[in-house]
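First comes the structure, then the notes that go with it.
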Amino acid sequence: MWQLPEKKTKAIYQSIVELVMNHIKAGRLLPGEKLPPERQLAAAFGVNRSTVVHALDELEAMGVIIRKQGSGTLINEGKWGIYTGASTNWRSYLSGAFNHRDPYLEKVSQLAKNPGGRVIDAYTGELPLELIPSLALPSISWNDFLVEESLQDELGYLPLRQQIVTHLNHERELSLTTDQLLLTSGAQQALFLIIQVLLQSGDAVAIEEPSSFYPLPIFQAAGIRLYGVPVDGQGMKVELLEQMIIKRKIKMVLVNPNFQNPTGSTMSLPRRKQLVSLCQQYQIPIVEDDVFSQLYFSEKDKPVLLKQLDSENVIYIGSLSKILGATTKIGWLSAPVKVAQQLAEARKEMDFTLSIFPQVLASSALSNRQFDQQIKVLRQELKRRRDVLIGYLKEFLGREVSYVVPEGGYYLWLQVEKRTLKQGDFDFLLELGGLVAPSFTFGVNRQSLRINFARLTHKDALRLVKLIHKMIYKS
Ligand SMILES: Cc1ncc(COP(=O)(O)O)c(C=O)c1O
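Residue numbers for the sequence shown follow the working numbering, so the first one is 2 and each next one is one higher.
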């Protein structure tokens, strides 16, 4: 954004003036928005600071910017419209729930997208490319896709629904039918539909604390109040939920009980039973988000699903994103027939129908004979990566940190015991190239960070642990 044209046709300060004006016209700079400091601009343009000052003087004289002591240089709000021809103050429209990106996370995401040699990305919530099963696709024509469309109704592409239902019934001893399964464009769309259709503005929802649902703007935008119930090594502390149900008039409980994002913890069976019976008692539906379902790697038995304990009262959500990559955009929810139908109907009315293309491709991936074998290999590799990380944590950080050993998924939640962490510590780690998700992202101020160990090669795990060591011992 802060680059001058290579071809010099005018004085540099004039080019800077023109660049700022163009950014305003294109809506890249909005009224009230702050410009970077002069020194930073000079460095970006590769010019003397005095040249930047000259350009800013000019822009100030034109009324385009204002300089405020202590606040820096801002695009003039009052003059908006005079020099751009536009009359809408878009900035005021853009201040809703979808415009509150944390600056720290902005930086982390940018670095994750353009990693230099130094960066270790344990932040991104996906498998690295090398672990995603590589499945050959059938040769299929455009027309073949269109023919398949006849097998699609409001709930989605029938062959894929059949495959998912068969898989769930077989693996989880459920007895679902295809009319109880709605295919969605990822698990997040399933959540979105549930919020839009089953809840109303002002309703209260209980979630785990910490939780990856906490930062999602889809709740805030719909006016949903979120309340966190603390999580320990056995998942949500259900004994604290009842008070909350009464006090906050909870309308729904939303949990991620298997290999939870971000704590990696798995809800114990007694807690699951307690949760199900409490919600039955108060007639509150449970939404069970199980996106990591396939990624268990413990020797213990697979965790029993809440859906298995109470098929009527639990809406179950799954997704292919965590095994086939986030761009797959195939998820599903299983709910009582009437609920599934209503959600499908609402989606149709919102005109969010699901394209046939990813559904046919997902169906083909799931029926690939290699699929099960590759998932097995993936589980083994995840376990190996978890153990490598834990080995280094033990060796270099010992009692300075604590964590629950994840039995599946790909997150380890590292709690720093040695000392109180501040924002500056996370900045320091970031400067060293250590990309993690700090606890404040998930609605808690605890001394913790989420590490995606699936993304760490042996070498990276060692490097990251050493960086965390440096951060902890920094004076
Ligand atoms: C717990 C949890 N639920 C839902 C989602 C969203 O999944 P999808 O990519 O299928 O929309 C994620 C993705 O990070 C997640 O971690």
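Don't be surprised by glycine CBs; every beta carbon is placed ideally from N, CA and C.
{"Asked": "Is the closest heavy atom of ligand 1 to the C-beta of glycine 444 under 7 angstroms?", "Found": "no"}
{"Asked": "I'd like to check one pair, proline 216 with threonine 442: are the Cβ atoms closer than 8 angstroms?", "Found": "yes"}
{"Asked": "Does the segment 135 to 143 come into contact with the segment 326 to 340, if we say contact requires no fewer than three beta-carbon pairs (one atom in each stretch) closer than 8 angstroms?", "Found": "no"}
{"Asked": "Mind checking whether proline 134 and leucine 325 have CB atoms under 8 angstroms apart?", "Found": "yes"}
{"Asked": "Closer than 7 angstroms: is that where the CB of glycine 265 sits relative to any heavy atom of ligand 1?", "Found": "no"}
{"Asked": "Between glycine 86 and the rest of its own chain, which residues show a CB-CB distance below 7 angstroms, the 5 nearest in sequence each way excluded?", "Found": "Note that glycine 86 scores 48 on pLDDT, short of 50, meaning its location in the model is unreliable and no value can be drawn from it."}
{"Asked": "Just grab the DSSP bridge partners of glycine 73 for me.", "Found": "Lys69"}
{"Asked": "In whole angstroms, what separates the C-alpha of arginine 464 from that of glutamine 235?", "Found": "30 angstroms"}
{"Asked": "Is the segment 274 to 284 touching the segment 145 to 164 in the sense that three or more CB pairs, one from each, lie closer than 8 angstroms?", "Found": "no"}
{"Asked": "Are the CB atoms of alanine 223 and isoleucine 251 within a distance shorter than 8 angstroms?", "Found": "no"}
{"Asked": "What did DSSP end up calling aspartate 426 once you bin it into helix, strand or coil?", "Found": "helix"}
{"Asked": "What I want to know is whether the C-beta of aspartate 290 ends up closer than 7 angstroms to one or more non-hydrogen atoms of ligand 1.", "Found": "yes"}
{"Asked": "Between the C-alpha atoms of isoleucine 287 and glutamine 261, what's the straight-line distance to the nearest angstrom?", "Found": "16 angstroms"}
{"Asked": "Run through DSSP, which three-state label would isoleucine 287 get?", "Found": "strand"}
{"Asked": "For valine 166, which of helix, strand or coil comes out of DSSP?", "Found": "helix"}
{"Asked": "Under 8 angstroms, do valine 338 and serine 320 count as touching if we go by C-beta distance?", "Found": "no"}
{"Asked": "Taking only runs of the beta strand (DSSP E) that begin and end inside the segment 303 to 327, which ones reach a length of at least 3 residues, in chain order?", "Found": "315 to 320"}
{"Asked": "What are the start and end residues of the alpha helix (DSSP H) that includes proline 362?", "Found": "The sequence given here has leucine at residue 362, not proline. Unbroken alpha helix (DSSP H) run through leucine 362: 357 to 368."}
{"Asked": "Between serine 440 and ligand 1, is there a pair consisting of the residue's CB and a ligand heavy atom that are separated by less than 7 angstroms?", "Found": "no"}
{"Asked": "Find the nearest neighbour of glycine 118 within the set Gly434, His459, Ser440, judged by alpha-carbon distance.", "Found": "Gly434"}
{"Asked": "Please state whether the Cβ-Cβ distance between tyrosine 411 and alanine 341 is less than 8 angstroms.", "Found": "no"}
{"Asked": "Helix, strand or coil for glutamate 210 per DSSP?", "Found": "strand"}
{"Asked": "Would the beta-carbon of phenylalanine 298 fall within 8 angstroms of that of lysine 395?", "Found": "no"}
{"Asked": "Can you find the residues in the same chain that come closer than 7 angstroms, C-beta to C-beta, to leucine 431, ignoring five residues on each side of it along the sequence?", "Found": "Lys108, Val109"}
{"Asked": "Specify the secondary structure class of leucine 390 as computed by DSSP and reduced to three states.", "Found": "helix"}
{"Asked": "Along the beta strand (DSSP E) that carries aspartate 233, what are the first and last residues, could you check?", "Found": "226 to 233"}
{"Asked": "Taking the alpha helix (DSSP H) that glutamine 190 falls in, what are its first and last residues?", "Found": "188 to 199"}
{"Asked": "Just reading off the alpha helix (DSSP H) that arginine 29 is part of, what are its end residues?", "Found": "Looking at the DSSP string, arginine 29 is not in any alpha helix (DSSP H), and its letter there is neither H nor E."}
{"Asked": "Roughly how many angstroms separate the alpha carbons of lysine 301 and isoleucine 391, rounded to a whole number?", "Found": "19 angstroms"}
{"Asked": "Any idea if alanine 62 is buried or exposed, counting beta-carbon neighbours within 10 angstroms, 16 or more meaning buried?", "Found": "exposed"}
{"Asked": "Excluding the 5 residues preceding and the 5 following proline 439 in the sequence, name in chain order all residues of the same chain whose CB lies nearer than 6 angstroms to its CB.", "Found": "Phe427, Leu450"}
{"Asked": "In whole angstroms, give me the CA-to-CA distance for tryptophan 414 and tyrosine 124.", "Found": "12 angstroms"}
{"Asked": "Need the endpoints of the beta strand (DSSP E) that tryptophan 143 sits in, please.", "Found": "From DSSP, tryptophan 143 is part of no beta strand (DSSP E) but of the alpha helix (DSSP H) over 143 to 149."}
{"Asked": "How far does the beta strand (DSSP E) with tyrosine 412 in it extend, from its first residue to its last?", "Found": "412 to 417"}
{"Asked": "Find out if the Cβ-Cβ distance for the pair serine 335, glutamine 197 is shorter than 8 angstroms.", "Found": "no"}
{"Asked": "Using only the alpha-carbon positions, how far apart do leucine 270 and proline 304 sit?", "Found": "7 angstroms"}
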